[in-house]
Every structure is written in structure tokens, then in C-alpha cells.
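Below is one structure; the comments refer to it alone.
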Amino acid sequence: MIEKAYILDSTLREGEQTPGVSFTIPEKIEIAQKLDEIGVPMIEAGHPNVSPDVHEAVKKIASLGLKAEILAHARAVKADVDAAARCDVDRVAIFLGTSYTHLHDQLHLDQEEAVKRVMDVVTYARSHGLKVRFTAEDASRTEYNYLLRICRAAAEAGADRISVPDTVGIMRPAAMGDLYRRLVKEVNAEFDAHCHNDLGMAVANSLAALEAGATAVHVSVNGLGERTGIAPLADVATALKVIYNMDTVKLEQLPALSVMVERYSGIVRSQNSPVVGENAFSHKSGVHAAGVLANPATYEAFPPELIGRHRAIIIDKYTGRHAVKYQLERLGIQLSSEQIEAVLERIKNNPTMRNYRDADLVELAEKTSGMSFAAAVPKRVEVVILIKCDSNVYTTAVARKISSLKGVIDVNEISGEFDVEAKVVADSVSELNQTLEGIRGVGGVIGTNSSLILKKFGSNSQ
0 MIEKAYILDS
10 TLREGEQTPG
20 VSFTIPEKIE
30 IAQKLDEIGV
40 PMIEAGHPNV
50 SPDVHEAVKK
60 IASLGLKAEI
70 LAHARAVKAD
80 VDAAARCDVD
90 RVAIFLGTSY
100 THLHDQLHLD
110 QEEAVKRVMD
120 VVTYARSHGL
130 KVRFTAEDAS
140 RTEYNYLLRI
150 CRAAAEAGAD
160 RISVPDTVGI
170 MRPAAMGDLY
180 RRLVKEVNAE
190 FDAHCHNDLG
200 MAVANSLAAL
210 EAGATAVHVS
220 VNGLGERTGI
230 APLADVATAL
240 KVIYNMDTVK
250 LEQLPALSVM
260 VERYSGIVRS
270 QNSPVVGENA
280 FSHKSGVHAA
290 GVLANPATYE
300 AFPPELIGRH
310 RAIIIDKYTG
320 RHAVKYQLER
330 LGIQLSSEQI
340 EAVLERIKNN
350 PTMRNYRDAD
360 LVELAEKTSG
370 MSFAAAVPKR
380 VEVVILIKCD
390 SNVYTTAVAR
400 KISSLKGVID
410 VNEISGEFDV
420 EAKVVADSVS
430 ELNQTLEGIR
440 GVGGVIGTNS
450 SLILKKFGSN
460 SQ
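Here numbering that gives the first Met the number 0 is used: the first residue of the sequence shown is 0, the next is one more, and so on.
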């Protein structure tokens with residue numbers, strides 16, 4: 000069981016360390032406000048001494064009057080603590096590498112020097128009125144007796160929270176649980192879990208740490224972070240609710256937050272990402288679709304409504320008649336059993352069609368029945384947009400941001416007069432215009448040229 004679980008979101012610090020990611024100050028403020036709105040109690044706003052814009056962003060976020068505790072990241076250096084204090088944050092997160100590799104090869108400190116530095120800097124931060132979290136960087140590769148010693152020293156100096164990060168993502172849940180059980184018992188402080196995802200264990204290790212007595216878990220939206228990132232906010236918060244029945248944040252707002260960060264970061268989520276991925280509640284095979292239509296619990300760990308989403312039934316060669324009947328009836332089309340079987344046969348005899356949209360199903364129903372159902376589905380607008388970029392920006396960064404916009408289904412970097420080609424699908428002209436405005440609002444875009452797709456040809460044409 001887990002007795003206590005606070006969420007600390009590090010999208011603005013760890014997340015911005017993702018290669019290719021650099022949030023603007025207004026974007027950081029909007030993300031922080033959204034995190035606060037959904038109930039995240041601790042927000043790591045950044046490392047003020049990294050650059051002037053990070054310092055400004057942290058200071059502005061700290062001045063917003065959010066309900067969340069605002070943290071600034073800092074090396075075990077007094078100048079970093081000074082920078083955090085100038086930002087008027089609630090807490091400073093002081094980190095120092097504790098493994099032999101970090102001490103010997105990176106910091107050139109012996110163990111005694113490291114303990115003294117941690118105690119000095121933690122004491123200094125407390126004298127400035129800051130609450131302190133000490134982070135024993137690379138804790139999972141630190142010899143236990145020394146890890147215990149430096150954590151105790153930090154706590155004695157005034158750190159009331161201690162983070163024990165799996166910096167390179169090598170831990171397994173059983174070992175993580177053992178480590179936290181020992182530390183929680185032997186150190187007078189509350190513990191945080193910060194788990195990297197190098198071996199795909201970040202969520203499992205985070206939950207293991209919480210089960211063993213940690214009281215806070217570090218996450219980022221969409222799992223952003225160094226290398227392969229850290230535990231994703233949506234995954235951890237949803238797991239805490241589904242498995243442990245623990246309420247942490249407003250789950251129904253997680254998809255919108257995920258889309259926002261996808262757009263601002265330019266890092267596109269995988270379609271099969273848990274919880275927020277496009278396929279998380281999509282059912283394709285005939286057996287699965289029939290089961291879900293009879294009882295969603297047959298193939299769903301939790302209802303999509305829990306996080307403000309809806310399930311989708313995918314139609315292609317794997318489809319069964321239950322799925323075809325359901326999708327047609329959803330469109331207001333009633334066919335006989337024989338006609339449904341005929342539609343299904345047409346679908347299975349076209350294996351190159353990856354996903355039948357509503358318009359495709361209507362066309363098949365019309366061909367099979369000889370009736371007209373044109374009014375059953377709105378006509379979608381498909382457009383190819385050519386985009387010109389400023390010569391001072393990275394075209395790849397612009398393309399990534401465009402690819403994360405709603406309605407954009409394909410993006411390519413191209414040669415010639417324009418730099419990027421995007422294909423956009425919309426259900427109305429109004430929706431299309433919103434997407435166009437979104438593309439034109441991406442930093443670095445200086446011009447666009449749009450062309451309607453009138454008719455499609457090729458192996459997927461019906």
C-alpha cells in the first residue's frame with residue numbers, strides 16, 4: 000500500500016533538458032498555471048543560474064501566487080542558492096553527485112569534501128529562509144553506507160526532503176523498494192523518487208519507491224527529460240488512482256495538458272503511449288472490438304472517461320461484423336445482416352487500407368445497399384500547406400512543433416522555395432482556419448501557401 004503520494008512536476012526543469020526543447024517564458028508560465036490548476040502540489044520551475052531567461056521564468060512563476068510549492072534547482076554551490084533566493088521560490092533543490100563515478104571523475108571531490116559541501120550549502124540555504132530538498136545525484140549507483148551518511152548529513156543541516164534519483168535508469172522495482180525502505184527507516188526526512196526511463200522502468204520504480212515509504216514522486220508531462228526522460232505525469236497519476244485508489248490530480252485534464260506540452264516542446268507523443276496516446280483506447284481486432292462493445296472491461300484497464308477520453312473502434316482488415324455494425328449505426332445507417340457481411344467482405348478484401356474513416360464506411364454502405372447515405376457523415380476538408388521558415392531558425396524544430404498541432408496528420412521537410420510541407424485534415428472550414436492560424440503562429444514561420452485536396456488516388460483509394 001501507499002500511504003502518501005505527492006506529485007512533483009519537473010516539466011519546466013527536467014523536461015526542458017530534453018534535446019531540442021526550449022520553452023519560451025510565456026509557455027512556461029502557461030504550463031505552470033495549468034499544472035497548478037489540475038492540482039499538482041509541487042512544481043520544479045527551473046535552474047535559475049543556467050541562463051537569464053530561466054532565471055526570469057522561475058522568478059515570474061514564483062510571483063504568480065500559485066497554490067503549488069515552487070522549487071528552484073541548484074548545484075551545491077552558494078551562488079546557485081543565491082540565484083534561487085532572488086527568485087523568491089519556496090524551496091531550493093540542491094543536488095550533488097554521490098557515486099564514485101560522479102565524485103571522482105566529474106566533481107573531483109573525495110567523500111569527506113562532498114559531505115562538508117552538502118552540509119555547508121544546505122545550512123546556507125536555510126539561513127536564507129529557503130526550505131531545502133537535497134538530491135543525491137546518481138544515488139542508485141552510490142555505495143549504501145556512504146549514501147546513508149550523506150543523506151543524514153543533509154537532513155541534520157536542515158533538508159526536510161531528500162531525493163534519491165535513479166539517474167541513469169538502472170534500477171528494478173524490487174531493488175528500489177529495498178533501498179527506500181532502508182533509507183526511510185534510517186534518515187529523519189521525507190523522501191522523493193526521481194526515476195529515469197532508460198530501461199523502461201521509470202513508472203514501476205516510482206511506484207515501488209512510494210510503496211516503500213517515499214512520499215513524493217517526480218514526473219514530467221509526456222515523460223520529457225534527459226535521454227529517455229523520467230516517469231510521465233499521466234501514467235503515474237492514473238496508476239495511483241486505478242491501482243491504489245489514490246486521488247492526486249484532476250485526471251480528466253491530463254490529455255489537454257499533454258497536448259499543450261506536445262505543442263510547446265515540439266516532441267510528438269507516441270500513438271501507443273499509455274493514457275494519453277492516440278491508441279490508448281482504440282480497439283482493432285474483431286475479437287477485441289466485440290468484447291469491448293459487449294463489456295468495456297474485457298479489454299480496458301480503466302474507462303477512458305476517467306481521464307476525459309473516449310474509446311475508438313478501428314475498422315480495417317482485422318475488423319469483425321460487430322464493429323462494422325456499431326460504426327454504421329453510430330452514423331445512423333441501418334443495414335441488414337447480409338449487407339453488413341457484404342461490407343465486411345469488401346473491407347477484408349482491401350488489405351492495404353489501414354483505417355476506414357466514416358466517409359469510407361458510408362461509401363461502402365452505399366455501394367453495398369444501393370442507397371444514398373451522403374448526409375450521414377460531414378465532409379472533411381483536406382489541405383496541403385507549404386510553409387516557409389525564417390533562415391535563422393532550425394527547420395526541424397519548426398516541423399516538430401507543426402506536427403503536434405491538432406489536425407496535422409503528416410509533416411515533411413522539403414527542398415525548393417518552401418521548407419516544410421504539412422497535410423491537414425479538418426471537419427469544417429472553421430476548424431481548418433484554426434489549424435492554419437496555429438501553424439502561422441509557430442515561431443519561425445514567415446509564410447504559407449495552402450491547396451485543397453480535391454480527389455485522392457492510389458492504392459488506398461476506394
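Ideal Cβ placement from N, Cα and C applies to all residues, glycine included.
Are the CB atoms of residue i and residue j nearer to each other than 8 Å?
i: aspartate 197; j: glycine 222; result: no
i: aspartate 89; j: asparagine 48; result: no
i: alanine 56; j: isoleucine 24; result: yes
i: isoleucine 69; j: alanine 82; result: no
i: proline 164; j: histidine 193; result: yes
i: alanine 201; j: histidine 195; result: yes
i: alanine 71; j: histidine 127; result: no
i: alanine 421; j: isoleucine 386; result: yes
i: serine 403; j: arginine 262; result: yes
i: valine 423; j: valine 382; result: yes
i: alanine 311; j: isoleucine 332; result: no
i: valine 419; j: cysteine 388; result: yes
i: glutamate 412; j: threonine 394; result: yes
i: glycine 319; j: alanine 296; result: no
i: alanine 75; j: leucine 102; result: no
i: valine 274; j: arginine 268; result: no
i: arginine 132; j: serine 162; result: yes
i: alanine 73; j: valine 91; result: yes
i: glutamate 111; j: leucine 147; result: no
i: valine 316; j: lysine 347; result: Per the sequence shown, residue 316 should be read as lysine rather than valine. In contact: lysine 316 and lysine 347 (Cβ atoms closer than 8 Å).
i: valine 380; j: leucine 305; result: no
i: valine 216; j: valine 235; result: yes
i: glycine 224; j: glutamate 26; result: no
i: serine 205; j: alanine 230; result: yes
i: alanine 158; j: isoleucine 149; result: no
i: serine 368; j: leucine 334; result: yes
i: valine 220; j: phenylalanine 301; result: no
In terms of residue numbering, what span does the alpha helix (DSSP H) encompassing residue i cover?
i: cysteine 86; result: It is not in any alpha helix (DSSP H) - cysteine 86 carries neither H nor E in the DSSP assignment.
i: aspartate 35; result: 24-36
i: asparagine 411; result: Careful: asparagine 411 lies outside any alpha helix (DSSP H), inside the beta strand (DSSP E) at 407-412.
i: valine 291; result: 285-293
i: alanine 236; result: 232-243
i: valine 53; result: 51-61
i: glycine 437; result: 428-439
i: alanine 113; result: 110-126
i: arginine 262; result: 253-264
i: arginine 320; result: 320-329
i: valine 131; result: Where valine 131 is concerned, there is no enclosing alpha helix (DSSP H), although the beta strand (DSSP E) it sits in stretches over 130-136.
i: isoleucine 149; result: 143-156
i: glycine 176; result: 172-185
i: leucine 360; result: 357-368
In this structure, what does DSSP give as the bridge partners for residue i?
i: phenylalanine 190; result: Ile161
i: isoleucine 512; result: Residue coverage of the chain in this structure runs from 0 to 461, which leaves residue 512 outside it and unanswerable.
i: glutamate 337; result: Paired residues: none, contrary to the question.
i: serine 219; result: Pro231
i: methionine 41; result: Leu7 and Glu68
i: isoleucine 312; result: His282
Taking C-alpha atoms, which residue in the options lies nearest to residue i?
i: alanine 4; options: Phe280, Ile93, Leu232 and Leu147; result: Leu232
i: proline 303; options: His282, Glu362 and Gly319; result: His282
i: leucine 129; options: Val267, Tyr243, Leu146 and Asp87; result: Asp87
i: valine 218; options: Lys347, Glu2, Gly437 and Ile6; result: Ile6
i: leucine 63; options: Val76, Ala44 and Tyr317; result: Ala44
i: glutamate 36; options: Glu277, Gly199 and Asp8; result: Asp8
i: valine 444; options: Ser390, Ala425, Tyr123 and Ala124; result: Ser390
i: aspartate 119; options: Gly446, Lys77, Val392 and Asn432; result: Lys77
i: leucine 209; options: Arg226, Gly446 and Asp177; result: Asp177
i: arginine 180; options: Glu15, Arg151, Ala213 and His107; result: Ala213
i: threonine 10; options: Gly199, Gln32 and Ile42; result: Ile42
i: alanine 211; options: Ser450, Asn448, Ile1 and Pro350; result: Ile1
Span of the beta strand (DSSP E) holding residue i?
i: aspartate 8; result: 5-8
i: threonine 394; result: That residue, threonine 394, is in no beta strand (DSSP E); its alpha helix (DSSP H) goes 394-402.
i: glutamate 13; result: No beta strand (DSSP E) holds glutamate 13; DSSP gives it neither H nor E.
Practice task
Taking 8 Å as the threshold, find out whether the region 245-252 comes into contact with the region 180-196 through three or more Cβ pairs.
Solution key: no
Problem - Cβ contact (3+ pairs, closer than 8 Å) linking the region 254-264 and the region 314-330 - result: Using a C-beta cut-off of 8 Å, the region 254-264 makes no contact with the region 314-330, since fewer than three inter-stretch Cβ pairs fall below that distance.
Practice task
State whether the region 388-400 contacts the region 350-367, with contact taken as three or more CB pairs (one from each stretch) at a distance under 8 Å.
Solution key: no
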